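Quick note, the sequences are listed as chains A and B, same order. To convert, note that position 192 of the first sequence is 192 in UniProt numbering; the numbers rise steadily by one, no gaps. To convert, note that position 19 of the second sequence is 19 in UniProt numbering; the numbers rise steadily by one, no gaps. By construction, the Cβ of each residue, glycine as well, lies at the ideal position given by its N, Cα and C atoms. Since the model is a prediction, treat every value here as computed from it, not as a measurement.
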Amino acid sequence: MNSVALDMQKEFKMLQILDTDGNIVKGQKTPKLRDEELKNLYRWMLRLRVYDALAIKLNRQGRLGFYAPLGGQEACQIGAMAALRKTDWLFPSYRDLGAAMYHGWPIADTFKWSRGQIGGMKIPEDVNMFPPQIIIAMQTIHAAGAGWKFRLKGEDHVAITFFGDGATSEGDFHEGLNFAAVNNAQTIFFNQNNGYAISVPLRKQTKSETIAQKALAYGMKGVRIDGNDIFAVYTAVSEAAERARKGEGPTLIEAVTYRLGPHSMSGDDPTRYRPKSEEIEWKEGKDPVKRFRLYLEKKGLWTEEWEKEIEQEMKAEISAAINEVQKAPIGEVEEIMEYVYDEMPAELKRQHAEVLSWKEAK
Amino acid sequence: MAQMTMIQAINDAMRVEMERDENVIVLGEDVGVNGGVFRATDGLQKQFGENRSIDTPLAESGIVGTAVAMAALGMRPIAEIQFGGFIYEAMDAVCTQAARLRFRTGGRFNCPLVIRMPYGGGAKTPEMHSDSFEALFLHTPGLKVVVPSNPYDAKGLLISAIRDNDPVIFYENMPLYRSVKQEVPEGAYTVPIGKANVVKEGNDVTVIAYGNMVRLSQQAIEAVEKERGVSIELIDLRTISPLDMDTIFESVDKTGRVVIVHEAVRTGGVGAEIIARINEERILKLEAPCVRVTAPDTPYPPTLIEDKWLPTKGRIAAGIKKVLDF
Ligand SMILES: Cc1ncc(C[n+]2csc(CCOP(=O)(O)OP(=O)(O)O)c2C)c(N)n1
């Protein structure tokens with residue numbers, strides 16, 4: 001314990017509703033969800049599980065490009081997005097393809113994005129999100145701006161942004177929080193604290209005992225939740241959204257979770273920086289999908305056949321999507337030149353003609 | 001002598017200098033325990049400890065900004081930016097603080113800081129990782145900018161950079177990290193900053209390149225020499241700032257024909273600066289307008305388009321023929 005007078009572990013006690021065995025923690029209330037809604041949450045978590053496994057496989061086969069595994073963080077991404085509306089806006093990072101897919105980003109587009117194929121970052125008109133952000137923490141500022149705009153224009157939307165524990169070190173994160181708080185932005189800052197920023201553990205990232213407590217300094221609400229508990233996530237985001245829509249300001253949510261896979265598929269080797277035992281502990285002891293399955297099973301809402309059905313359906317969707325994407329054109333230089341400005345300046349037009357002549361020369 | 005890749009040569013340069021001078025430290029994201037995402041700092045923490053090979057919080061502005069003050073107070077920090085595309089997050093620290101410290105303080109302070117970063121196309125990274133921003137630093141008085149094209153130069157130039165009394169941007173081409181092996185001497189040696197390398201002499205055309213474009217230009221030159229029976233000179237700049245105009249002028253005086261190759265976008269690039277200086281000093285020596293072979297003026301393209309967007313051997317050859325046929 002450091003010299004700070006507040007006991008942060010107490011002030012920001014981690015909310016858990018569903019324990020690791022799939023039981024409701026004594027004294028906690030489950031969110032008001034109908035059976036069909038509960039099943040939909042599970043269905044989506046499982047879809048992400050299947051997506052993650054297949055994306056890793058496709059990457060190894062050279063059929064995908066950059067991929068940052070999201071396995072282990074399914075409750076965060078699905079619980080949060082399920083608590084919001086289709087009209088709300090999402091500002092994800094590279095690891096949040098699950099949140100994005102739940103919000104409507106087609107699987108095929110996530111593959112185009114991963115491969116670096118034309119159209120991969122052109123989000124469909126009816127999906128309210130920015131493309132996944134690469135520049136760590138920058139999306140928190142965008143979400144602050146969007147949430148601020150909604151308040152200025154009297155719009156009923158909420159902006160949510162996802163970011164990692166490492167992101168909380170960037171100046172941009174602090175600017176995002178401050179702008180949002182000062183302007184009463186309708187923004188939810190959803191931190192997936194998975195313990196590591198590539199190889200760097202949280203204790204080297206911050207001296208704060210929790211990430212949630214950083215909200216205090218900005219004069220905003222901060223909450224800390226078990227990020228592998230879909231009920232805690234759903235509840236925290238529902239409450240944050242309600243506050244935001246009522247004009248009561250932004251919220252910082254710290255969801256404690258774990259990335260089960262490597263940082264990315266580009267050569268990261270977790271054995272260099274974290275003990276295998278820790279991975280196993282999270283994988284076997286705290287898994288978000290398993291925990292929710294146990295809960296549903298006890299309620300008689302889960303069967304093995306249903307599980308298989310969801311898996312088969314997702315596998316089929318993924319295989320159709322990757323085949324479609326591999327057949328689609330990868331894009332040409334002259335095409336991307338169209339998207340630099342509203343109207344191409346004269347010099348770019350000249351270069352455009354030059355680019356076309358490269359082809360003729362071949 | 002050992003055969004080394006460029007990444008090994010860079011690692012070796014840091015090790016040698018850290019052994020020589022305890023004020024040399026490396027700091028950045030994932031550089032310590034993990035040895036860097038490209039393993040440039042592999043083993044340094046083991047050898048020199050946590051206080052000299054340092055995992056910092058994830059903040060580029062913090063990394064370079066703290067290093068500026070440390071440098072001014074007697075340290076020799078080597079700050080690693082994980083990918084050059086993220087340097088904008090530290091741009092104030094680099095361009096207004098590191099670059100101007102000597103100037104603002106009338107020489108009271110200087111900033112012996114090296115900022116290493118990978119850059120360059122062809123490595124199939126996600127967006128915002130691979131851009132070539134060297135012209136931004138060329139445009140910033142107070143900075144030196146070094147771009148090695150091979151393992152031998154990389155080690156010698158990095159040692160020079162660490163010993164330099166001014167801030168040096170050390171730009172490491174990603175595809176070159178592991179693609180070539182070369183004999184690299186053990187221990188310390190330097191390759192001077194500000195001195196270009198005439199890779200190959202020739203009389204009819206001067207091709208100027210740096211980084212990964214040196215290798216590509218070499219291939220294009222071979223093809224055109226064979227096809228046309230001409231002889232072509234190849235200059236590897238090695239340093240972008242300060243530019244070695246003496247070597248360039250000497251070559252222009254001989255050939256009168258110039259092609260500049262860079263993978264950065266065309267407008268406001270290194271090529272533009274070199275051509276301006278040639279025009280100022282040597283315009284009457286020119287037999288043909290200078291030609292730039294570059295990437296077009298767009299942000300760095302999506303991965304699967306990068307090979308079409310970057311200069312190719314064919315486009316460089318076409319550029320050479322253009323000055324020959326003028
Ligand atoms: C500005 C910036 N700096 C560095 C990086 C390289 N980088 C990519 S992911 C990452 C770690 C991010 O960790 P965290 O914020 O905890 O998120 P996680 O990846 O664990 O989800 C780093 C350093 C980057 N993409 N952008």
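- Just to confirm, are S199/A and R272/A a CB contact at a threshold of 8 Å? By one-based count along the first sequence, residue 199/A stands at place 199. By one-based count along the first sequence, residue 272/A stands at place 272. Taking 8 Å as the Cβ cut-off, S199/A and R272/A qualify as a contacting pair.
- Message: With H, G and I counted as helix, E and B as strand and the rest as coil, what does DSSP make of M1/A?
- Response: Start at 1 with the first residue of the first sequence, and residue 1/A comes out as number 1. For M1/A, the predicted model reports a pLDDT of 49, less than 50, meaning its position is unreliable; a value from the coordinates is still stated below. In the structure shown, M1/A sits in coil (DSSP, three-state: anything other than H, G, I, E or B).
- For D204/B, which of L234/B, A67/B, I87/B has the nearest alpha-carbon? Mapped onto the second sequence, residue 204/B falls at position 204. Ranked by Cα distance from D204/B, the options L234/B, A67/B, I87/B are led by L234/B.
- Item | the segment 197-216 of chain A in contact with the segment 46-59 of chain A per 3-pair CB rule at 8 Å | Touching, no.
- Cutoff 8 Å: M1/A Cβ touching any chain B Cβ: Along the first sequence, one-based indexing puts residue 1/A at 1. Low local confidence applies: a pLDDT of 49 at M1/A is under 50, so the model's placement there is unreliable, with the coordinate-based value given in what follows. It does not: the Cβ of M1/A has no partner Cβ on chain B nearer than 8 Å.
- Under 9 Å by beta carbon: chain D residues contacting F86/B: No chain D is present in this structure, whose protein chains are A and B.
- Taking 8 Å as the cut-off, decide whether the C-beta atoms of V323/B and R257/B are in contact. What you label residue 323/B is simply residue 323 of the second sequence in a count that begins at 1. What you label residue 257/B is simply residue 257 of the second sequence in a count that begins at 1. In this structure, R257/B lies closer than 8 Å to V323/B by Cβ.
- What number of angstroms, rounded off, separates the C-alpha of A244/A from the C-alpha of Y177/B? In the first sequence, residue 244/A corresponds to position 244, counting from 1. In the second sequence, residue 177/B corresponds to position 177, counting from 1. Their Cα atoms are separated by approximately 48 Å.
- Item | Between the CA atoms of T257/A and N194/A - distance to the nearest angstrom | For the purposes of this step, residue 194/A is identified with residue 194 of the first sequence, where counting begins at 1. For the purposes of this step, residue 257/A is identified with residue 257 of the first sequence, where counting begins at 1. The alpha-carbon atoms of N194/A and T257/A are separated by roughly 5 Å.
- Message: What would DSSP say about D236/B, mapped onto helix, strand or coil?
- Response: As a working note, residue 236/B is residue 236 in the second sequence. Strand.
- Endpoints, alpha helix (DSSP H) assigned at Q218/B: For the purposes of this step, residue 218/B is identified with residue 218 of the second sequence, where counting begins at 1. Per DSSP, Q218/B belongs to the alpha helix (DSSP H) from 212-228.
- In the segment 46-89 of chain B, which residue ranges form an unbroken alpha helix (DSSP H) of at least 4 residues, counting only runs that do not cross its ends? 60-72
- Measure the alpha-carbon distance for residue 364/A versus L202/A and round it to whole angstroms. Limits of chain A in this structure are 1 at one end and 362 at the other, which puts residue 364/A out of reach.
- Hey, is A68/A close to ligand 1, as in C-beta under 7 Å from one of its heavy atoms? The count along the first sequence starts at 1 and reaches residue 68/A at position 68. Result yes, Cβ under 7 Å from ligand 1.
- Own chain residues within Cβ distance below 6 Å of N183/A, not counting five before or after: Start at 1 with the first residue of the first sequence, and residue 183/A comes out as number 183. Around N183/A: W148.
- Is there at least one non-hydrogen atom of ligand 1 closer than 7 Å to the beta-carbon of R116/B? Position 116 of the second sequence, counted from the first residue, corresponds to residue 116/B. No, Cβ of R116/B sits at least 7 Å from all heavy atoms of ligand 1.
- When DSSP labels each residue in this structure, what does Q186/A get in the three-state scheme? By one-based count along the first sequence, residue 186/A stands at place 186. Under the three-state reduction of DSSP output, Q186/A falls in the coil class, being neither helix nor strand.
- Starting from the beta carbon of M337/A, find every residue of chain B whose beta carbon is closer than 9 Å, and list them in chain order. Locating residue 337/A in the first sequence gives position 337, where the first residue counts as 1. What M337/A touches in chain B: P296, D297, T298.
- Message: For a test of your reading of the model: does the CB of N194/A fall under 7 Å from any non-hydrogen atom of ligand 1? Yes or no.
- Response: By 1-based counting over the first sequence, the position of residue 194/A is 194. True, at least one ligand heavy atom lies under 7 Å from that Cβ.
- G28/B bridges to which residues according to DSSP? Translated into positions along the second sequence, residue 28/B becomes position 28. According to DSSP, residue pairing for G28/B in a beta bridge involves D55/B, E80/B.
- Message: Check whether chain A comes within 8 Å of A59/B, counting only Cβ atoms and requiring the distance to be less than that.
- Response: Translated into positions along the second sequence, residue 59/B becomes position 59. The beta carbon of A59/B falls within 8 Å of a beta carbon belonging to chain A, placing the residue at that interface.
- Message: Does the CB of E360/A have a neighbour CB from chain B at under 8 Å?
- Response: Counting from one through the first sequence, the residue named residue 360/A turns up at place 360. It does not: the Cβ of E360/A has no partner Cβ on chain B nearer than 8 Å.
- Query: Comparing alpha-carbon positions, which option in G227/A, P329/A, H263/A, A137/A lies nearest G119/A?
  - Reply: Indexing the first sequence from 1 puts residue 119/A at position 119. It is P329/A whose Cα lies nearest to the Cα of G119/A.
- Contacts that residue 407/A makes with chain B (C-beta to C-beta distance below 8 Å): What the structure shows of chain A is the stretch from 1 to 362, and residue 407/A is not part of that stretch, so it cannot be assessed.
- Message: Within 8 Å of any Cβ in chain A, is that where the Cβ of K321/B sits?
- Response: Start at 1 with the first residue of the second sequence, and residue 321/B comes out as number 321. No, its Cβ sits nowhere closer than 8 Å to a Cβ of chain A.
- What does DSSP give as the partner residues of A276/B in its beta bridges? Translated into positions along the second sequence, residue 276/B becomes position 276. According to DSSP, A276/B bridges with nothing at all.
- Item | Buried versus exposed call for T235/A [16 or more other C-beta atoms within 10 Å across all chains shown] | Numbered from its first residue, the first sequence carries residue 235/A at position 235. So T235/A counts as buried.
- Message: Closer than 7 Å to a non-hydrogen atom of ligand 1 - does that hold for the CB of A79/B?
- Response: If you number the second sequence from 1, residue 79/B lands on position 79. No; taking the cut-off as 7 Å, the Cβ of A79/B has no heavy atom of ligand 1 nearer than that.
- Compare the beta carbon distance of A137/A and F163/A with 8 Å and say whether it is the shorter of the two. The residue you call residue 137/A lines up with position 137 of the first sequence. The residue you call residue 163/A lines up with position 163 of the first sequence. Cβ atoms of A137/A and F163/A: closer than 8 Å.
- Taking all protein chains shown into account, decide if M1/A is buried (16 or more other Cβ within 10 angstroms of its Cβ) or exposed. Here residue 1/A refers to the residue found at position 1 when the first sequence is read from its first residue. Low local confidence applies: a pLDDT of 49 at M1/A is under 50, so the model's placement there is unreliable, with the coordinate-based value given in what follows. Answer is exposed; the Cβ neighbour count stays below 16.
- Query: Since K124/B meets chain A, which of its residues come closer than 7 Å, beta carbon to beta carbon?
  - Reply: Here residue 124/B is taken as the residue at index 124 of the second sequence, counted from 1. Those are G65, listed as they occur along chain A.
- Item | Interface positions of the segment 85-109 of chain A facing chain B (Cβ-Cβ less than 8 Å), listed along the chain | Y94
- Message: My parser needs the beta strand (DSSP E) runs of 3 or more residues fully inside the segment 100-166 of chain A; what are they?
- Response: 159-164
- Among the residues of its own chain, which have a CB less than 6 Å from the CB of W309/B, if the five just before and after it don't count? Here residue 309/B is taken as the residue at index 309 of the second sequence, counted from 1. Excluding sequence neighbours, W309/B sits near A295, P301.
- Task: Report buried or exposed for S169/A, applying the criterion of at least 16 other Cβ atoms within 10 angstroms of its Cβ.
- Result: Locating residue 169/A in the first sequence gives position 169, where the first residue counts as 1. S169/A should be labelled buried.
- Query: For ligand 1, any of its heavy atoms closer than 7 Å to the Cβ of L58/B?
  - Reply: Along the second sequence, one-based indexing puts residue 58/B at 58. Yes, the Cβ of L58/B comes within 7 Å of a heavy atom of ligand 1.
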